[in-house]
Amino acid sequence: MFKKYLLLVVLALSFQAIFSQKAQRIAYIDMAFILEKIPEYQQAQDQLNTKIISWQRRLDREKEDIEALKKDFSNEKALLTDELIQEREDDIYFKDQEYNQLQDAYFGPKGDLYLYRKLLVQPIQDKVYNAIQEIAVKKNYDFVLDNSSDLIILYTNKAFDISDLVVNSINKVEKQEAIKAKRDKFTNKKKQVVAKPVVIKTKKEAVLKPNLAPAKMDNTVATDTIFADTTEDQIDTVGVVLNQINQPKDSILVNTKVDETPLIKDTPSDEVLKRINARNEKRELLLEKIRLINEAKEKKKEEDRKDALAKRDAKLKEIDKNKQALIRKNDSINKAKKNN
Numbered sequence: 002m003f004k005k006y007l008l009l010v011v012l013a014l015s016f017q018a019i020f021s022q023k024a025q026r027i028a029y030i031d032m033a034f035i036l037e038k039i040p041e042y043q044q045a046q047d048q049l050n051t052k053i054i055s056w057q058r059r060l061d062r063e064k065e066d067i068e069a070l071k072k073d074f075s076n077e078k079a080l081l082t083d084e085l086i087q088e089r090e091d092d093i094y095f096k097d098q099e100y101n102q103l104q105d106a107y108f109g110p111k112g113d114l115y116l117y118r119k120l121l122v123q124p125i126q127d128k129v130y131n132a133i134q135e136i137a138v139k140k141n142y143d144f145v146l147d148n149s150s151d152l153i154i155l156y157t158n159k160a161f162d163i164s165d166l167v168v169n170s171i172n173k174v175e176k177q178e179a180i181k182a183k184r185d186k187f188t189n190k191k192k193q194v195v196a197k198p199v200v201i202k203t204k205k206e207a208v209l210k211p212n213l214a215p216a217k218m219d220n221t222v223a224t225d226t227i228f229a230d231t232t233e234d235q236i237d238t239v240g241v242v243l244n245q246i247n248q249p250k251d252s253i254l255v256n257t258k259v260d261e262t263p264l265i266k267d268t269p270s271d272e273v274l275k276r277i278n279a280r281n282e283k284r285e286l287l288l289e290k291i292r293l294i295n296e297a298k299e300k301k302k303e304e305d306r307k308d309a310l311a312k313r314d315a316k317l318k319e320i321d322k323n324k325q326a327l328i329r330k331n332d333s334i335n336k337a338k339k340n341n
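Once you know that position 95 of the sequence shown is 96 in the numbering used here, the rest is easy, because the numbers rise by one and skip nothing.
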């Protein structure tokens, strides 16, 4: 905030010094208003927002995976060996590092957001700045301020707002470029109209060259017929192009569409995603190793339980056997006493 007021003070002092020499012309624009009036900017911004949402969802999934790994490790730590504990801790650490790297690759100073904004939005902003500069030169403005920026402007006179002039200038340039592109297309079509019959005539002459003079006369008639038919077809095509060129200028911008979001090869996130995928494969191997170890432990536990049950049953049988033997012995003793 202090920097803003300092900038205002510097500007005020500069203006005072300049005004003391000669009258200066100052205008202002509303950049937000101008960009809203440019369909290309809105479409580019929508494409960029779609990318941002996709990147954020990927980061959210990575964060959820990290939390799941931490929770599983906490639950299974008591069952793991020291080696596996160290591997799991390293895995979680590297996963955290990769998350931070991916976040920086998406939204960092030189990340994907910076590259795509430069690719999609920067050309449109350049058009705006060029239009502002052109108007400033023509109207002899010494300063053009942005009313929608962080610079605090306490009062503005609507008479010095050139936002509409900037929008009209941009629309005019785009219409001229669209008309020029269609004229170039029409010129190419016209060249095809002239070139195609000549090729047909040459082929026809090559086929009928051995024939006699009457045949050559027929050939001329046939060639003229082909030339006429072909020309009519081409004229129909040219007519469509002419109709497009003569359409109202206001419809040119409406029919002009921004291409789909271009792909940038080797973005900062690509390298990070490769490392993440490689570590995910390593993580799957680690989890499979842990699964096999747990299965072996469960199997050993089941075997030990069965052995314990078998030993218990054997011991119970032995106790019962000894008990029966003792009962028989006591019965024999009692019987012997009665007989005596």
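Ideal Cβ positions, reconstructed from N, Cα and C, are used throughout, including at glycine. Since the structure is predicted, the reported quantities are computational estimates derived from the model, not experimental observations.
Counting only the same chain and skipping the five closest in sequence on each side, list residues whose C-beta sits under 6 Å from that of residue i.
i	result
residue 103	273
residue 322	none
residue 89	74
residue 243	At residue 243 the pLDDT is 40, less than 50, meaning the model places this residue with poor confidence; the figure from the coordinates comes in the next sentence. Hits under 6 Å: none found.
residue 236	Confidence is the limiting factor: at residue 236 the pLDDT is only 41, short of 50, which leaves the residue's position unreliable, though a coordinate-based value still follows. Hits under 6 Å: none found.
residue 173	none
residue 303	none
Whose C-beta lies closer than 8 Å to the C-beta of residue i among residues of the same chain, with five residues either side of it excluded?
i	result
residue 99	63, 273, 276, 277 and 280
residue 52	113, 114, 117 and 262
residue 316	none
residue 109	115 and 269
residue 150	32
residue 298	80
Are residue i and residue j touching if we call contact CB-CB under 8 Å?
i	j	result
residue 295	residue 80	yes
residue 143	residue 26	yes
residue 133	residue 146	no
residue 67	residue 97	yes
residue 161	residue 69	no
Whose C-beta lies closer than 7 Å to the C-beta of residue i among residues of the same chain, with five residues either side of it excluded?
i	result
residue 35	129, 164, 167 and 168
residue 245	Note on residue 245: pLDDT 46, under 50, position unreliable in the model; the coordinate value appears next. These residues qualify, in order along the chain: 183.
residue 95	280
residue 157	29 and 148
residue 340	none
residue 141	26
residue 284	92
Can you give the beta carbon distance from residue i to residue j, rounded, assuming they're within the 8 Å contact cut?
i	j	result
residue 148	residue 31	5 Å
residue 39	residue 136	About 16 Å separates the two Cβ atoms, so there is no contact after all.
residue 111	residue 269	7 Å
Between the options, which lies nearest to residue i when the distance is taken from Cα to Cα?
i	options	result
residue 288	309, 93, 54 and 56	93
residue 50	76, 91 and 107	107
residue 131	76, 175, 91 and 159	175
residue 291	333, 306, 324 and 83	83
message = I want to know whether the region 30-46 touches the region 102-122 - three or more CB-CB distances under 8 Å.
response = Between the region 30-46 and the region 102-122, the count of Cβ pairs shorter than 8 Å is three or higher; the stretches touch.
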